[in-house]
Each structure stands twice: as structure tokens, then as C-alpha cells.
Amino acid sequence: ANVAIFISGTGSNMINLINQASNPSSYSNIRLVICNRPEAHGLERAREKGIEAICIPHGDDRHAFEDKIHQELIKRDIDFICLAGFMRILTGEFTQKWINRIINIHPSILPSFKGAHAVKLALEAGVKVTGCTAHFVSEEVDAGKIIAQEVVAVEEKDDEKTLHSKIQEKEHLMFPKVMEIVAKSIVCGI
Ligand code: GRF
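In terms of the UniProt record's numbering, the sequence shown has 817 at position 37, counting the first letter as 1, and numbering is strictly consecutive.
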């Protein structure tokens with residue numbers, strides 16, 4: 781299955797997806813990386829891995845931004861999209877066009893702690909466990925069908941940085957597996 785990865789930042793999840801797809805038994809073919817921020821380190825990292833990586837700045841017009849993205853995806857015959865730290869909210873129009881074809885990784889056990897500050901919110905709430913969720917993307921933010929979750933224990937000494945990095949270790953193992961499940965289901969038509 782042809783895969784596009786959307787990023788906004790460092791792209792550590794992206795690298796793990798690319799590595800997974802380079803496995804000969806993989807059902808995933810990473811055709812394109814799209815980033816909305818020109819300075820994002822992830823763009824270079826993708827190119828170093830031999831993957832085409834383009835920047836589409838988000839600008840002010842959501843629809844113009846998403847139209848450009850959609851055209852690039854169609855040009856490359858993309859089957860599905862992995863959001864790997866993509867920090868823009870997609871409109872209902874776009875998510876409808878790609879229904880069941882967009883997956884996201886989020887650093888909490890959804891439906892707890894939605895949004896851009898999930899790790900901070902978990903710490904503030906004083907929870908003893910948190911984790912990560914891979915889910916399909918629907919119009920409502922961080923609310924689509926859950927595919928997989930992994931838990932992480934919160935320790936007394938954790939701050940946002942240490943906790944996020946423990947969560948990311950789990951993300952890096954889980955997200956490539958979820959990508960494979962989705963790719964296989966598309967290739968095998970199930
Ligand atoms: C991850 O923690 C992911 O859960 C969240 O954004 C972060 C992206 O990190 N959506 P990276 O760019 O993959 O390192």
C-alpha cells in the first residue's frame with residue numbers, strides 16, 4: 781500500500797515508519813513525506829533515507845492548504861496517511877475524503893487528554909499511568925476509532941520531558957505495527 785506520512789517536527793515516529801517499510805516483508809511503501817513547516821528537521825531526515833519529502837506551508841487558508849495536499853497525494857496514488865506529529869487540525873471535508881485512510885499517534889490513553897498538551901495534562905491530573913494511542917482520524921480531534929494502545933507508568937520524578945520520551949519509546953514500537961496492519965488490510969482487501 782502506498783503511504784504518505786505527515787509531520788511538523790523532528791519526525792522520530794516517521795523514521796521508525798520508514799525503517800519498518802524498508803523491511804522486505806512489509807506491505808507499506810512510503811511514497812511521500814509532507815511537512816507544513818519549512819524548518820522542520822524531519823524533512824532532511826526523510827530525504828537522507830531516500831524518501832521524497834515536500835513542504836506545504838499551512839498559510840491562512842485551510843482549504844487551499846488541504847487542496848494542495850490532496851493533489852500531491854492523488855498524484856502519487858497514496859492509499860493511506862500516517863500522521864506522525866502533524867500539528868494541524870484537518871477539516872471535516874478532508875477527513876471525509878480520506879475516511880478510514882488516516883491514522884494518528886497520540887501521546888495519551890484516549891479518550892483522556894486530547895489535544896496538543898496531552899503529556900502535560902496527564903501530569904497535572906496526577907494519573908499513575910498514561911501511554912499512547914493509535915487511532916483512525918475523524919473530524920472530531922483525537923476521537924476516531926482506536927486501533928491500539930500501550931501504557932506507561934508515571935513516576936514521581938517524571939517531568940513533561942522524561943514522561944514524553946518514555947511514551948515515545950512505546951510509540952516507536954507500536955506505530956509501525958499499526959501501519960502494517962492497515963497496509964495489509966488494504967493490500968489484501970480486508
Ligand atoms: C509524538 O509524541 C506523537 O504522539 C505526537 O507528536 C509527537 C511527534 O514526535 N502526536 P516525533 O516528531 O515523531 O518525534
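Glycine included, each C-beta is placed from N, C-alpha and C at the ideal position.
Host alpha helix (DSSP H) of residue i (start-end)
| i | result |
| --- | --- |
| residue 785 | No alpha helix (DSSP H) contains residue 785, which is instead part of the beta strand (DSSP E) from 782 to 787. |
| residue 796 | 792 to 801 |
| residue 866 | That residue, residue 866, is in no alpha helix (DSSP H); it is neither H nor E in DSSP. |
| residue 966 | 940 to 967 |
| residue 853 | 842 to 855 |
| residue 826 | 821 to 828 |
| residue 875 | 872 to 877 |
Contact set for residue i: own chain, Cβ-Cβ below 6 Å, skip 5 residues either direction
| i | result |
| --- | --- |
| residue 826 | 813, 833 |
| residue 810 | 783, 798, 801, 831 |
| residue 856 | 811, 812 |
Alpha carbon of residue i to alpha carbon of residue j, nearest angstrom
| i | j | result |
| --- | --- | --- |
| residue 964 | residue 954 | 16 Å |
| residue 945 | residue 802 | 25 Å |
| residue 847 | residue 920 | 20 Å |
| residue 893 | residue 886 | 9 Å |
| residue 791 | residue 808 | 18 Å |
| residue 930 | residue 924 | 17 Å |
| residue 909 | residue 888 | 9 Å |
| residue 820 | residue 900 | 23 Å |
| residue 957 | residue 852 | 25 Å |
| residue 936 | residue 948 | 19 Å |
| residue 915 | residue 785 | 15 Å |
| residue 890 | residue 912 | 8 Å |
| residue 865 | residue 795 | 12 Å |
| residue 879 | residue 906 | 35 Å |
| residue 849 | residue 932 | 34 Å |
| residue 922 | residue 898 | 11 Å |
| residue 804 | residue 873 | 35 Å |
| residue 960 | residue 840 | 34 Å |
Same chain only: Cβ atoms within 7 Å of residue i, ignoring 5 sequence neighbours per side
| i | result |
| --- | --- |
| residue 816 | 788, 836, 837, 838, 868 |
| residue 770 | This structure leaves residue 770 out entirely; the chain is present only between 781 and 970. |
| residue 767 | The shown model of the chain, from 781 to 970, leaves out residue 767, and the question about it has no answer. |
| residue 828 | none |
Limits of the beta strand (DSSP E) - the one that residue i falls within
| i | result |
| --- | --- |
| residue 811 | 809 to 815 |
| residue 834 | 833 to 835 |
Residue i: CB within 6 Å of a non-hydrogen atom of the ligand ATP
| i | result |
| --- | --- |
| residue 837 | By its list of ligands, the structure shown excludes the ligand ATP, since it contains just the ligand GRF. |
Same chain, Cβ closer than 8 Å to residue i, five either side skipped, listed in chain order
| i | result |
| --- | --- |
| residue 962 | 781, 860, 883, 927 |
| residue 967 | 781, 807 |
| residue 903 | 934, 938, 939, 940, 943 |
| residue 871 | 842, 843, 846, 919 |
| residue 952 | 792, 793, 796 |
In chain order, each alpha helix (DSSP H) run of at least 4 residues that lies wholly inside the segment 884 to 936: Whole alpha helix (DSSP H) segments, 4+ residues: 898 to 905.
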